[in-house]
Every structure is written in structure tokens, then in C-alpha cells.
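Sequences listed follow chains A and B, in order.
Sequential numbering of the first sequence, starting at 11, is according to the numbering used here.
Sequential numbering of the second sequence, starting at 232, is according to the numbering used here.
Beta carbons: idealized from backbone N, C-alpha and C, even for Gly.
As the structure is a computational prediction, the values presented were derived from the model and not from experiment.
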Amino acid sequence: MSENKSETWRKAIAGQAAKIAGDDVVLWRAEDLMLYEYDGLSTMGKPDLVVFPSTTQHVSEIVKLANRNNLPVIARGAGTGLSGGAVVSSGGIVLGFSRMKKILEIDIENQRARVQPGVVNLDLSLAVSDFGYYYAPDPSSQKACTLGGNVAENSGGPHTLAYGVTTNHVLGLEVVLPNGEVIHTGAAYLDPPGYDLTGLFVGSEGTLGIVTEITVRLTRKPEAVKTLLAIYDRVHDATSTVASITAEGITPAALEMLDGFTLRAIEDATHAGYPRDSAAVLLIELEGLREAVEEESTQVEAVCRANCVRQIRVAQNAEERDKLWQGRKNAFGAMGRISPNYYVQDGVIPRTRLPEMLDFIGEAGARYDLRIGNIFHAGDGNLHPLIMFDARDAGQSGRVLKAASEIMMKCAEMGGSITGEHGVGIEKSELMPLIFSEQDIEMMKTIKSIFNPKDSFNPGKVFPTGKLCGELRVQISEGAARG
Amino acid sequence: MALAPPQTPDVPRASGYGPGEAPKWEVYSKCTHCGLCLNSCPTYRELGVEMDSPRGRIYQMVQVAKGRVPVNESFVQHIDLCLDCRACETACPSGVEYGRLVEAARGQIQTYYQRPVFESFLRRFFLCQVVPNRFRLELIGNILRLYQRSGLERLIQTSGLLRWAPGRLANVAQLAPRMEKPFFFHRLGTIVPAVGPRKYRVAFFAGCIANLSFTSLNEATLRVLVKNGCEVVIPKAQGCCGALQVHAGFRDVARKLARQNIQVFNGPDFDAVITNAAGCGSVLKEYPQLFEDAQTAFLEPARKFSNRMQDVSEFLAAIELNREMKATPLKVTYQDPCHLGHAQRIRKAPRLLLNAIPGLELVELKESEVCCGSAGIYNIIQNEMAERLLASKMQRVDETGADTIVTANPGCMLQLRSGIARSANPARKVMHVVELLDQAYNGDHLL
């Protein structure tokens with residue numbers, strides 16, 4: 011896909027980059043660049059250069075170097091993204107943030123921390139854990155993904171239901187703009203005056219600027235946590251429980267649903283304690299003051315029983331709770347055990363329509379002769395259908411994309427969204443017209459052109475090219491590639 | 232150097248691996264390149280580049296299999312830098328058996344890639360001629376012991392002579408294990424009776440280099456076992472486990488060693504075969520992997536062997552432990568050996584044993600699951616990376632305020648000792664779990 015430059019040319023630019031950032035932080039040889047053609051989703055083109063900056067100054071200077079040579083710049087955290095946000099569509103310089111991973115300041119009194127973008131999400135929580143705090147957004151990849159990537163994608167996670175997504179936890183940013191200038195947005199406190207530029211940058215997927223420093227809010231660990239596993243013999247009983255829980259006015263910290271197919275794969279992988287003979291389970295987490303949690307728990311259990319739950323198990327200690335969550339958080343990867351390839355989708359629907367959507371997915375799977383597992387952040391209607399396939403079979407790969415597209419269209423039709431937390435990236439740019447009008451998209455493009463007029467930052471992402479319509483842009487390839 | 236000429240992409244072509252064992256599709260196709268392994272990988276944590284991450288290494292192996300790139304210097308460099316610590320296996324949700332992949336890739340490198348002549352000679356000489364041969368080991372052990380005890384070693388170390396030594400020889404020299412007197416070899420072929428009624432009959436796997444430099448650890452292990460009702464048989468004809476050879480890609484040599492051990496230990500009826508070395512235990516339990524694609528007649532015997540193989544902490548934690556221990560008021564921290572925690576998935580057993588010692592305070596070590604840099608002979612051949620990992624490890628140890636680091640593998644003990652010797656607190660001790668148990672049992676006597 012990319013028009014890569016010659017090795018001599020790359021070596022020359024690499025020399026200039028090395029003068030800025032240091033000798034051992036620039037990759038230009040083909041065999042090294044090959045390792046930057048994939049992320050958690052797919053394999054795409056190779057970059058022309060990969061540079062690992064260690065300061066904001068480096069980032070700014072490399073951006074200017076790229077400008078002088080008309081090269082796009084693509085920011086990359088850990089490369090765990092699931093929409094192709096960090097892969098390269100048409101060559102350019104990848105700025106890898108794996109070495110900018112210092113926690114610059116922990117300010118417990120004011121419940122905030124200042125970090126470099128390469129800090130791993132879970133590492134921040136571990137660093138403040140002794141003080142009784144954590145960083146609330148918890149994407150399933152939290153043990154590997156970086157906060158910079160989280161900001162770019164506005165990542166969510168199972169606890170989004172109660173705590174919100176990344177944007178609700180970012181107070182301020184330092185950003186390098188496409189012209190190399192450095193700006194600061196937000197402040198170390200809530201609600202600073204002026205426009206909310208922080209909000210604009212969070213979730214902009216590297217198309218407006220590159221974040222070089224992040225001030226985040228820290229959250230105090232709850233006094234009590236209770237994790238329940240509700241086990242069902244019928245999927246519909248599980249989905250109706252979800253609707254009933256929210257109808258009762260209860261907001262659990264997390265409310266996850268896994269169908270039988272998925273939970274069996276997970277059980278084989280992590281022995282999380284999900285009964286293999288069940289049709290679906292709900293993982294329900296309640297947090298807060300001890301008394302409140304107990305009261306809510308009684309209410310939740312009553313709702314489950316009213317919806318024909320087979321059994322409710324309560325995690326007795328931290329170890330049991332971790333086990334239950336390990337299963338959920340490793341769910342995507344666990345698919346690797348039962349199928350050589352899988353394609354994870356990310357969509358949103360109103361949670362009241364979960365039963366209808368499940369039927370639709372089941373029917374689509376049957377129609378295209380594909381096995382589809384279901385895992386939902388059920389509480390906020392965020393779906394993750396997992397479509398199994400074998401990429402060595404070209405026919406299957408084609409059917410996978412068709413089935414996934416249909417599911418996305420159904421989400422849009424139900425008044426939902428084409429992505430809940432994985433971002434648009436390269437994968438879903440052509441689906442944007444499903445949920446936004448031409449005017450909506452034009453306004454976003456206008457804003458982009460103010461910051462990024464030459465489309466030099468992460469080109470080919472987020473916005474439809476207009477050449478395709480309603481198609482998923484993923485390359486499904488064989489081998490270690492998931493597609 | 233290259234196995235296959237570079238070719239243009241996107242044309243199906245033959246694998247870059249030669250005939251014989253190579254990374255298998257059934258194993259690597261499980262990798263979904265989700266990246267959840269990255270932050271668990273010691274080399275990725277240090278360098279931050281995909282080429283030195285588990286996902287990236289697998290990707291490189293896949294590209295060789297696809298014939299897109301050959302087994303060349305770049306490939307070898309990144310596969311060599313892997314510690315084979317298998318932390319990525321713990322992190323991997325898809326159950327990718329990374330150890331199998333990297334070991335197969337190293338087999339390919341050893342068979343088909345031409346390393347510089349002297350390096351190649353040293354590898355083969357040490358791993359295939361010295362380590363598996365009791366008499367050469369003993370000879371070298373005697374020379375080293377003389378060197379260490381005559382004062383010559385101290386003279387050389389204090390003289391500053393090593394500063395003029397090439398490369399990182401000075402660093403490597405201080406990793407040399409202390410030769411003990413007597414060697415453990417004289418125990419081979421003996422049987423140590425249980426103290427009190429015999430409840431179990433077990434075999435002890437003594438190792439190779441451990442016979443020279445871990446006599447006291449092996450003796451402590453015997454004392455702890457017999458005090459727990461074990462009659463311990465120490466078969467005479469046993470040899471090196473083959474772990475170093477498997478990690479370096481000498482699969483045929485490893486198979487030869489495996490066959491001998493299988494023969495020696497499979498005959499008599501033992502309740503368990505026990506080792507105190509996590510690195511050995513892991514490969515001993517994985518003997519069947521060596522016979523899946525070659526010399527398959529040994530697959531069944533290898534399975535029988537590996538089913539009986541147990542780490543000493545695994546064995547002790549599963550039986551009713553003798554709790555007649557004296558109070559041991561030490562503040563200790565525990566470093567998980569990678570080949571115990573990741574390869575054998577044994578994390579609770581050693582902690583359970585430590586918590587059974589009265590008066591002992593166990594402080595958890597942050598990142599105890601991250602490799603200390605020892606990794607067999609990795610600290611010798613990849614000394615720079617090993618030193619970086621050790622420095623991070625020592626920092627974490629300092630945070631615990633513990634006066635003893637406990638671990639469960641001789642290799643890790645050497646590496647940690649070398650870290651302590653250069654730290655601000657050189658009085659800190661490194662002990663094996665069974666040595667602490669032995670101390671609590673009052674086991675300072677010879678059996």
C-alpha cells in the first residue's frame with residue numbers, strides 16, 4: 011500500500027533524525043521496519059522510518075524534519091490498538107513512544123499524576139496503588155497499552171459504565187502540532203477557562219497533534235468491591251437482566267456479558283471459573299461504601315433471580331475476583347486457541363435492544379457460515395462480536411468482512427454507533443457516513459484542517475476517502491495476522 | 232550467511248527454514264499479535280522495540296517461514312537477545328507456547344547459520360563437550376577451585392588487570408560460581424534413608440554444574456527431603472538435563488542427554504523425581520517436546536519421565552510438611568525464577584513454604600515475575616542486557632528492605648549474588664527456598 015522510499019534515502023533521513031534524537035533510536039533498515047507494519051488489528055504498509063523520542067523537544071524537531079521532507083508522522087504507543095490507528099497507510103515516520111515512559115509527578119493530595127505518553131496504563135495504577143489510588147479507565151489491554159494511545163483513542167474498558175472513558179480522566183495535555191509547535195491544553199484542575207481543547211484532542215486519533223505529556227486524574231480505590239458471576243441457561247435471560255438492572259436504577263461499576271461460545275474458550279484459556287455448560291454469564295461488579303454495596307448486591311441478586319438466573323456466585327476474595335476478571339480481560343486473545351484467526355468488532359446499541367441484536371448476530375453467523383462469539387460491555391450497550399475464521403481460506407475472509415459490515419450497519423440502524431471504544435482508525439473510516447451527516451463530517455474536517463492543514467499527521471484515518479462506501483478497511487492476511 | 236536469497240515480497244515462496252525442526256504453524260498461528268505480551272518481556276521493557284518483543288520475534292519467525300526474509304544476522308541478533316524466560320507465555324491469552332517457538336528457531340540457527348568461527352567453537356565446546364561430561368567438568372572444577380582458593384583470583388581482581396581484558400570479560404569473570412569442597416559428585420550412586428518412617432521414595436536430580444558449585448544447596452535439599460519422610464535415591468548414571476543445549480539450539484545433544492536420564496530414572500519405581508533447579512526442572516518436564524518430531528520412539532518414555540518430575544518446592548508444598556522448625560526471624564523477599572513461575576507455573580508453592588517458617592517475614596518483591604537477567608548462560612553471552620535487568624532488579628530489592636533474597640534456581644542465585652556484591656548493601660544474602668527450610672530444621676550437619 012505504501013510507496014516506500016529507497017534505502018539510501020531512508021538512511022540519509024535517518025542520519026538527520028539520529029542527530030536530533032540519538033543514534034540508537036532510529037530504525038531505517040527494511041528488516042526492522044517490517045516489525046512496524048502491524049498493530050493489534052491488522053497488517054498494513056511499512057513506515058519509512060521509526061524514531062523513538064525521549065523528550066518533547068525531540069518530537070517537535072522530528073515533526074519539523076518530517077515536514078521538510080514531506081513525510082507523514084504517525085504516533086504509536088504499544089501498537090495494541092484494534093482499529094489500525096497506529097499503522098501506516100502511506101509511508102512516513104512512525105514516532106514510537108515506548109521510551110517516553112516516565113511518570114513525571116504523582117500528586118496524591120490533588121489526586122493527579124503527570125506522565126509521559128509511553129507509560130503503560132496498568133503501570134500507573136500500580137505506581138499509585140500503595141497510596142490507595144488507581145487510574146480508572148481500564149481497557150482490556152491495560153497491561154500493555156500506553157496512556158498516549160488511550161488518549162488518542164479515548165479508550166474505555168469494563169468500568170466505563172460507572173467511571174466514564176479516558177476523556178473524563180484527562181485534565182491537561184502537552185501537544186506537538188503538525189507544524190512542530192508545542193501547546194498546552196487544560197490545567198491541573200477541573201473546568202479551566204476557555205475552549206476545552208483537551209476534549210478536542212482526546213479521541214482525535216493522532217490527526218490533530220501528538221501528545222507528549224498527560225495530566226490525569228487519579229481515583230481513590232473504593233472501600234468495598236463485590237464481584238458477582240450470574241450464570242444463565244438461556245441467553246435472553248441474561249440480556250433481559252441487563253435491561254432490568256438499569257431499569258431498577260442500579261449502576262454497577264461494570265456489567266459484562268459473555269455468551270456460551272466465548273466463555274468456554276476463555277475457560278479453557280484462563281480457568282476463570284465460568285461454567286462451561288452455561289449459555290451466558292454476566293460479570294457484575296459493585297463498588298462503593300460497604301453498606302451501599304451490600305444493599306445493591308441484594309437488589310441485583312433479586313433482579314437476576316426474577317430473570318431466571320441458574321446460579322449466582324460471589325467472589326470471596328481478591329484472588330477470586332482477579333480470576334474472574336482475568337478471564338474477561340484475556341477474552342480476545344483466548345480466541346487464538348480455538349481459531350487460527352478472529353476478527354473483533356466494536357459497536358454500540360441501546361442496551362434495551364441487546365436481545366434483538368444477539369438474534370441478528372446469530373443469524374448473520376449462520377448465513378455466512380461463521381462462528382461468532384459475543385462479549386459485551388452490556389451495561390453501556392457496547393458489543394464485541396468475535397468472528398472466527400481461517401485466513402488461509404480466502405472465501406472465509408471475504409465472508410468475515412461482509413458479516414462484520416452487516417453488524418455495524420445494524421448498530422447504526424438501531425441508533426447506536428460503529429465504535430464504542432476501539433476508535434475509527436483506518437478500519438472504520440468508510441463507515442462514518444452511517445452515523446454522521448455530510449455536514450457533520452465536513453465540520454470535523456474543517457477543525458482538522460485548522461490543526462493539520464496538509465494532512466501530515468496520521469493521514470488516511472478517521473475520515474471516509476469517498477472511494478469506498480460502508481466497507482470495512484481491513485486487510486485479512488494469513489500467518490500470525492489476525493485480520 | 233543467509234539461508235535463502237532475499238526475494239521480492241508478495242509472491243508465495245518456500246520457507247526460509249531448513250529441513251528438520253522449525254517453528255510450527257500450529258504454534259505460531261495462535262499469535263494474534265494483540266501485543267498483550269509486550270510489557271512482560273524484559274528486553275522490550277528495556278529497549279522498547281518490536282524486534283525485541285515476543286510478538287515481534289514471532290512475527291520475524293513467521294516471515295522466515297513465509298520465505299519473506301532469510302535467517303540472517305538481524306534475525307539471529309533478535310532471537311539471541313531473547314532470554315527464553317517465557318514471561319510472555321504467562322501474559323499470552325491465546326496460549327502461544329513461545330518457548331517451543333524460540334527453541335525451534337534456535338535449533339534452525341544452530342544447524343544452518345554460520346556464526347563467527349571462534350564464537351561457534353566456544354559454544355559447541357562448552358555446551359557439548361564440557362557441561363555434559365562429568366570428568367571434564369570435574370577437571371575444570373578442580374582448576375577453578377585452585378584458582379579461587381590460592382588467592383590468585385583475588386589478586387587478579389584487585390590488581391585491576393581485568394580492566395584491560397577485552398569486551399565485558401571483567402563483568403563476566405565475577406559471575407563465575409564459587410567452587411565448593413567437596414564436589415557433590417561423590418553422592419551420586421548413594422541412597423539417603425528417611426528420618427523416621429519412610430513415606431516416599433524419591434529420586435534426586437543433581438544437575439551438572441551444581442555438582443561443583445552448589446554442593447551445599449544439594450545437601451540442604453537432601454536434608455529437607457529426608458526430614459519429610461523421603462528416602463532419596465541419587466542415581467549414579469544421571470547427567471546434565473540438557474536445558475542449556477535446548478536454549479542454544481543443540482537439540483541432538485539435548486536429546487542424547489534426555490535419553491540417558493530417561494533410562495536412568497524411568498526404571499525404578501519412584502514417587503517423584505526431584506530437582507532444586509527451576510531451569511533444569513522446566514526442560515526435564517518438557518522432554519516430550521524433544522521427541523515429537525525426532526526419535527519418536529522415546530516420546531512415551533519421555534512422557535512417563537516428565538510426569539514424575541517435580542520441583543522440590545512443588546513436591547514439599549503438596550505433602551504434609553514437617554513443621555518442626557525453629558523460629559527464623561528474617562525479613563526476606565522472593566524472586567520468582569522464570570522457569571519456575573512462567574515455564575512451570577509454580578508461584579504459590581515456594582511462598583507457601585516460606586510462610587510455613589515461623590518468625591519469617593515475607594515481603595513481596597514488585598516485578599518479581601520479571602527476569603533477573605540470569606537465564607542460563609545468558610548473563611555471559613548477553614552480558615550487557617543481563618546487567619541492565621539486574622540493575623532494575625536490585626532497585627526493586629532495595630525497596631523491600633529485605634535482608635535476604637530467596638529464589639529457587641541456582642542460576643538466579645549466582646546472578647543475584649553478583650548484583651548484591653556490587654550494591655550498597657553487600658551483606659544481603661541470597662538463599663534457595665530449601666536452604667531456608669533447612670536452616671529452620673536446624674540442618675547444619677552432614678547426613
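Same chain, Cβ closer than 8 Å to residue i, five either side skipped, listed in chain order
i, result
"residue 241 of chain B", "Residue confidence is low: residue 241 of chain B scores 48 on pLDDT, short of 50, so the model does not pin down where it sits. Its coordinate-derived value is still stated next. Excluding residues within five positions, none has a Cβ falling inside 8 Å."
"residue 575 of chain B", "509, 512, 513, 516, 542 and 545"
"residue 657 of chain B", "651"
"residue 349 of chain A", "381, 398, 399 and 400"
"residue 191 of chain A", "70"
"residue 405 of chain A", "none"
Close-in-space but distant-in-sequence residues of the same chain around residue i (CB under 7 Å, 5 per side omitted)
i, result
"residue 671 of chain B", "556, 557, 559 and 588"
"residue 544 of chain B", "577, 580, 581, 584, 639 and 664"
"residue 414 of chain A", "353, 355, 397 and 482"
"residue 336 of chain B", "254, 292 and 310"
"residue 197 of chain A", "181 and 182"
"residue 317 of chain A", "247, 250, 251 and 254"
Proximity winner among the options, relative to residue i (alpha-carbon distances)
i, options, result
"residue 525 of chain B", "B:272, B:451 and B:489", "B:489"
"residue 466 of chain B", "B:497, B:483 and B:475", "B:497"
"residue 261 of chain A", "A:273, A:248, A:310 and A:278", "A:310"
"residue 590 of chain B", "B:462, B:563 and B:573", "B:563"
"residue 419 of chain A", "A:196, A:402, A:467 and A:374", "A:374"
"residue 339 of chain B", "B:482, B:312, B:388 and B:620", "B:482"
"residue 491 of chain B", "B:363, B:441 and B:390", "B:363"
"residue 245 of chain B", "B:299, B:568 and B:507", "B:299"
"residue 122 of chain A", "A:199, A:136, A:171 and A:301", "A:199"
"residue 449 of chain B", "B:435, B:458 and B:461", "B:435"
"residue 240 of chain A", "A:205, A:212, A:282 and A:293", "A:293"
"residue 15 of chain A", "A:317, A:359, A:409 and A:59", "A:59"
"residue 430 of chain A", "A:456, A:363 and A:358", "A:358"
"residue 407 of chain B", "B:391, B:444 and B:433", "B:444"
"residue 114 of chain A", "A:125, A:120, A:442 and A:108", "A:125"
"residue 359 of chain B", "B:609, B:668 and B:487", "B:487"
Nonlocal neighbours in the same chain, by C-beta distance under 6 Å from residue i, ignoring five residues either side
i, result
"residue 262 of chain B", "289 and 327"
"residue 660 of chain B", "635"
"residue 234 of chain A", "300 and 303"
"residue 416 of chain B", "442"
"residue 648 of chain B", "661"
"residue 411 of chain A", "482"
"residue 118 of chain A", "141"
"residue 420 of chain B", "467"
Assumed close pair residue i, residue j - CB separation to whole angstroms, cut-off 8 Å
i, j, result
"residue 477 of chain B", "residue 273 of chain B", "So it is not a contact: roughly 19 Å between Cβ atoms."
"residue 259 of chain A", "residue 156 of chain A", "Rounded, the Cβ-Cβ distance is 37 Å, inconsistent with contact."
"residue 195 of chain A", "residue 176 of chain A", "That belief does not hold up - the Cβ atoms of residue 195 of chain A and residue 176 of chain A are roughly 14 Å apart, past 8 Å."
"residue 18 of chain A", "residue 50 of chain A", "That pair is no contact at about 33 Å."
"residue 446 of chain B", "residue 413 of chain B", "7 Å"
"residue 94 of chain A", "residue 164 of chain A", "Rounded, the Cβ-Cβ distance is 16 Å, inconsistent with contact."
"residue 228 of chain A", "residue 143 of chain A", "4 Å"
So, does the segment 341-360 of chain A touch the segment 248-258 of chain A, judging by three or more C-beta pairs under 8 Å? Not touching, per the Cβ criterion.
Segments assigned alpha helix (DSSP H), at least 4 residues, entirely inside the segment 601-647 of chain B: Listed in chain order, they are 609-612 and 614-631.
Three or more C-beta pairs below 8 Å linking the segment 245-264 of chain B and the segment 291-301 of chain B: Flag = yes, the segment 245-264 of chain B and the segment 291-301 of chain B touch.
Three or more C-beta pairs below 8 Å linking the segment 211-223 of chain A and the segment 457-472 of chain A: Touching, per the Cβ criterion.
Which complete alpha helix (DSSP H) runs does the segment 352-419 of chain A hold, if anything under 4 residues is left out? Counting only runs of 4 or more, we get 364-378.
Do the segment 176-194 of chain A and the segment 26-42 of chain A meet, that is, are 3 or more Cβ pairs less than 8 Å apart? Two segments are said to touch when three or more pairs of C-beta atoms, one from each, lie closer than 8 Å; by this definition the segment 176-194 of chain A does not touch the segment 26-42 of chain A.
Contact between the segment 122-135 of chain A and the segment 149-164 of chain A (3+ Cβ pairs under 8 Å): Yes, they touch.
So, does the segment 375-393 of chain A touch the segment 437-453 of chain A, judging by three or more C-beta pairs under 8 Å? The answer is no - the segment 437-453 of chain A does not touch the segment 375-393 of chain A, with fewer than three Cβ pairs under 8 Å.
Contact between the segment 640-650 of chain B and the segment 411-426 of chain B is defined here as three or more beta-carbon pairs at a separation below 8 Å; is this criterion met? Fewer than three beta-carbon pairs drawn from the segment 640-650 of chain B and the segment 411-426 of chain B are found closer than 8 Å, and the two stretches are therefore not classed as touching.
Whether or not the segment 17-32 of chain A and the segment 265-283 of chain B are in contact is what I'm after, with contact meaning three or more pairs of Cβ atoms, one per stretch, closer than 8 Å; do they touch? Taking one beta carbon from each stretch, the segment 265-283 of chain B and the segment 17-32 of chain A have fewer than 3 pairs nearer than 8 Å; the two do not touch.
Using a Cβ distance threshold of 8 Å, determine whether the segment 343-352 of chain B contacts the segment 376-393 of chain B, with at least three qualifying pairs required. With a cut-off of 8 Å, the segment 376-393 of chain B and the segment 343-352 of chain B do not count as touching, because too few Cβ pairs lie within range.
Fully enclosed by the segment 287-314 of chain B, which beta strand (DSSP E) runs are 3 residues long or longer? Taking only runs of at least 3 residues, no beta strand (DSSP E) segment lies wholly in the segment 287-314 of chain B.
Three or more C-beta pairs closer than 8 Å, one from the segment 612-626 of chain B and one from the segment 546-554 of chain B: is that the case here? Contact fails: fewer than three Cβ-Cβ distances are below 8 Å.
Runs of beta strand (DSSP E) wholly within the segment 39-121 of chain A (minimum 3 residues, chain order): You should have 59-61, 83-86, 103-106 and 113-117.
Within the segment 301-376 of chain B, ranges of the alpha helix (DSSP H) (whole runs, at least 4 residues): Qualifying alpha helix (DSSP H) stretches, in chain order: 304-312, 318-322, 329-343 and 348-355.
Ignoring anything shorter than 4 residues or poking outside the segment 218-298 of chain A, list the alpha helix (DSSP H) runs there in chain order. With a minimum length of 4 residues, the continuous alpha helix (DSSP H) runs that stay inside the segment 218-298 of chain A are 245-257 and 270-280.
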